[in-house]
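Right, one structure below, let's go through it.
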Amino acid sequence: MTKNIELAEVFTNIAKILKIQNENIFKIRAYEKIAETLENMPMEIETIYKTGKLDEIPGVGPAIAQKIGELLETGKLEYYEKLKEAIPTGVLELLNVPDVGPRKAKLFYEELGIDTVEKLEAAALQHQLQSLPGMGKKAEENILRGLELYKKREQRRPLGIALLAAEGIVAELKPLAEVAQISIAGSLRRRKDTIGDIDILITSLKPENIMEKFVNLPQAKEVLAEGMTKSTILTYQDIQVDLRVVPPDSFGAALLYFTGSQAHNIHLREMAVKQRLKINEYGVFQSKDDKKIAGENEQKIYEILGLRYIEPELREDRGEIEAALNNRLPVLVEVDDIKGDFHIHTNYSDGFNTIEEIVVAASKRGYQYIAITDHSQSLHIAGGLDEERLLEQIKRIEQINQSLEGITILKGIEVDIKSDGTLDIPDAILKRLDIVIAAIHSGFKQERKQLTERLRKAMENPYVDIIAHPTGRIIGYREAYDIDVQEIIQIAAQTNTALEINASPERMDLSDIYVKSAREHGVLLAIGSDAHQISALDHMAYGLAIARRGWLEKEHLLNTLSFDKLQARLKKK
Ligand code: DGT
Ligand code: CA
Ligand code: CA
54 MTKNIELAEV FTNIAKILKI QNENIFKIRA YEKIAETLEN MPMEIETIYK
104 TGKLDEIPGV GPAIAQKIGE LLETGKLEYY EKLKEAIPTG VLELLNVPDV
154 GPRKAKLFYE ELGIDTVEKL EAAALQHQLQ SLPGMGKKAE ENILRGLELY
204 KKREQRRPLG IALLAAEGIV AELKPLAEVA QISIAGSLRR RKDTIGDIDI
254 LITSLKPENI MEKFVNLPQA KEVLAEGMTK STILTYQDIQ VDLRVVPPDS
304 FGAALLYFTG SQAHNIHLRE MAVKQRLKIN EYGVFQSKDD KKIAGENEQK
354 IYEILGLRYI EPELREDRGE IEAALNNRLP VLVEVDDIKG DFHIHTNYSD
404 GFNTIEEIVV AASKRGYQYI AITDHSQSLH IAGGLDEERL LEQIKRIEQI
454 NQSLEGITIL KGIEVDIKSD GTLDIPDAIL KRLDIVIAAI HSGFKQERKQ
504 LTERLRKAME NPYVDIIAHP TGRIIGYREA YDIDVQEIIQ IAAQTNTALE
554 INASPERMDL SDIYVKSARE HGVLLAIGSD AHQISALDHM AYGLAIARRG
604 WLEKEHLLNT LSFDKLQARL KKK
């Protein structure tokens, strides 16, 4: 795993340097794609290299294969070392600050020698940036605001990143003979959209060897604490990981305790006290004589408290305990209920794969349908489709559909909502599509009222089925647009428009609380992976996490409809 991540970092950095040097966009994209592939790949790149099958990885042509080989053989890459002489790595970190693009990074470095984020902040605070060409007072203020977001991001990671890291660690520890049970706990088990730190729980009668292995994991950059039953490491991705080891007869109690949330736990403890019980990470005890009456099994603990089992995603003290008491818990939607994906890009716009490749991959996932939703023309940088190319794609999909069995491709588009709320593809063409998702991609800084009206206008269009990534947030990079989400939910209900749960790890948009509210207002939700390559179809799992955290049952999601029912439903608007 670690080699994959190391290589991914090199390719990401190459892409960034090329961006700063204003190089060819296709060349840049090739490096970004291989980096993303490496990060998401379940297999070791070294193993693939040794078996001579590099060329079977999507996006690996001869040039990239040669570079992977050189990195694996020598631990270095001549090409990368040369690039770094022109643009030091510290300058690349500047690109992670919201509002600093390649042009500004280059400007700051060349004019003021800024090659760290600290130096950038100092320069901004001393108002040295505003007098640079193309800058100004407002631009400098934006950078200071970006720096605040940057610092916040360092603290919380998207679910998708943390989950992959945690699964890698679990895979290393699980085979140890001393490990009886192992589970992810904390916010990660609750599948929260962002994760502060990773919590892992192990049961064992011999914790010593486990701790020894844990602090020496290849993922561990630093050991922050080391003890018999509790240790903490920092990974190379700067994610903190807490490991606790408890005896097997406390597994359920410890899992409950360390899964949280803290608010959920406190509420449970209050209930326990009323029943003259004590509950902690070792078990449930009778107050009168400290006799242990449960501990091994999480479900049993809920039972003793008079509750139905509460799924981890619901444990936020948002009414789930009352619902469990009254037997009114939702029957949460499950992975097997998902019949298709509503948001996928292909190489017609900025996606990596062909329609054919995607449909094969989707079919393997057992889907009955997928919507191909490339960008529309306003999004030049993403190679958005104009009418002519969209018509060409429609034709192509119709052809492919004829040869498919068990799965259907829906002809769709991710149509851009322009600043005035109109769409950049005329109705006459939208009409010919099976599904239309509409989204804002520019002019985020409009006033609240204007942005909300813009979305209203789009939802009132009879052909718009889904509003994609409704709030526009990008975790750690961009705050949500200033819209009134509650009003958007109401308009969605009135216009019979579905709202997307965008499952891309950095978006996770809508978020759980809004999803729950949408459900309460009778608005349907639609998960879209927003995949730009096949491996990202798996991001559906993160969308499902949000759906479950938003209390959704099967009937609240468009994705659970069979193909026939979906078709009928799409015709209804
Ligand atoms: P995070 O890491 O910020 O995303 O959120 P959590 O929920 O994973 O929080 P974390 O890692 O601090 O602690 C993991 C769980 O352990 C937490 O959900 C509940 C439990 N826990 C930790 N500290 C306390 C505490 O002081 N009181 C109670 N009742 N539970 C705690
Ligand atoms: Ca945690
Ligand atoms: Ca923790």
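In the numbering used here, the protein residues as written are 54 to 626.
Glycine included, C-beta positions come from ideal geometry on N, C-alpha and C.
It should be emphasised that the depicted structure is a prediction, and the values quoted were computed from it without experimental measurement.
Three-state secondary structure (DSSP) of residue i
| i | result |
| --- | --- |
| M54 | Reliability fails at M54, whose pLDDT of 47 lies under 50, so the model's placement of it is uncertain and the value that follows must be treated cautiously. In the structure shown, M54 sits in coil (DSSP, three-state: anything other than H, G, I, E or B). |
| E553 | strand |
| D591 | helix |
| F497 | coil |
| F338 | strand |
| R210 | strand |
| F64 | helix |
| N514 | coil |
| L124 | helix |
| N318 | helix |
| V144 | helix |
| D302 | helix |
| S456 | coil |
| S240 | helix |
| A139 | helix |
| H433 | helix |
| G596 | helix |
| Q539 | helix |
| V170 | helix |
| A192 | helix |
| A233 | coil |
| E279 | coil |
| T399 | coil |
| G465 | strand |
| S284 | strand |
| T475 | coil |
| T247 | strand |
| N333 | strand |
Cβ distance (whole Å) where residue i is taken to contact residue j below 8 angstroms
| i | j | result |
| --- | --- | --- |
| T426 | I490 | 5 angstroms |
| L614 | R601 | That belief does not hold up - the Cβ atoms of L614 and R601 are roughly 18 angstroms apart, past 8 angstroms. |
| H396 | N555 | 7 angstroms |
| I478 | V468 | 5 angstroms |
| I391 | N612 | 5 angstroms |
| L287 | I263 | 18 angstroms between Cβ atoms; not a contact. |
| I408 | I470 | I408 to I470, Cβ: 25 angstroms. No contact. |
| Y36 | V232 | Shown here, the chain extends from 54 to 626; a query on residue 36 therefore has no answer. |
| K190 | Q183 | 5 angstroms |
| H609 | R572 | 5 angstroms |
| V294 | I222 | 6 angstroms |
| Y133 | V144 | Rounded, the Cβ-Cβ distance is 14 angstroms, inconsistent with contact. |
| I488 | A424 | 5 angstroms |
Distance cut-off 7 angstroms: residue i Cβ against heavy atoms of ligand 2
| i | result |
| --- | --- |
| S236 | no |
| S416 | no |
| D250 | yes |
Distance cut-off 7 angstroms: residue i Cβ against heavy atoms of ligand 1
| i | result |
| --- | --- |
| F311 | yes |
| Q315 | yes |
| I19 | A question about residue 19 goes unanswered here, because the residues of the chain that appear run from 54 up to 626. |
| N318 | yes |
| K331 | no |
| K245 | yes |
beta-carbon residue i near ligand 3 non-hydrogen atom, thresh 7 angstroms
| i | result |
| --- | --- |
| G393 | no |
| G239 | yes |
| D469 | no |
| D108 | no |
| D295 | yes |
Practice prompt. Determine contact between the segment 71-80 and the segment 138-145, defined as no fewer than three beta-carbon pairs at a distance below 8 angstroms.
Written response: yes
Discussion item. With three or more C-beta pairs closer than 8 angstroms as the rule, is the segment 537-551 touching the segment 570-586?
Written reply: yes
Worksheet item: Counting pairs of beta carbons, one from the segment 558-569 and one from the segment 327-340, are three or more of them closer than 8 angstroms?
Response: no
Worksheet item: Taking the runs of the beta strand (DSSP E) that are 3 residues or longer, which of them lie wholly in the segment 402-431?
Response: Segments of the beta strand (DSSP E) lying fully in the segment 402-431: 422-425.
Worksheet item: Should the segment 294-303 be regarded as contacting the segment 245-259, the criterion being three or more beta carbon pairs within less than 8 angstroms?
Response: yes
Discussion item. With three or more C-beta pairs closer than 8 angstroms as the rule, is the segment 558-565 touching the segment 524-537?
Written reply: Touching, per the Cβ criterion.
Worksheet item: How about the segment 579-587 and the segment 595-610: do they share at least three Cβ pairs that are nearer than 8 angstroms?
Response: yes
Item to complete: Would you check if there are 3 or more beta carbon pairs closer than 8 angstroms linking the segment 397-404 to the segment 435-443?
Response: yes
Discussion item. With three or more C-beta pairs closer than 8 angstroms as the rule, is the segment 233-252 touching the segment 269-277?
Written reply: no
Worksheet item: Between the segment 375-384 and the segment 492-510, do three or more beta carbon pairs fall short of 8 angstroms?
Response: no
Item to complete: Flag this pair as touching only if the segment 117-124 and the segment 150-161 have three or more C-beta atom pairs under 8 angstroms; answer yes or no.
Response: no
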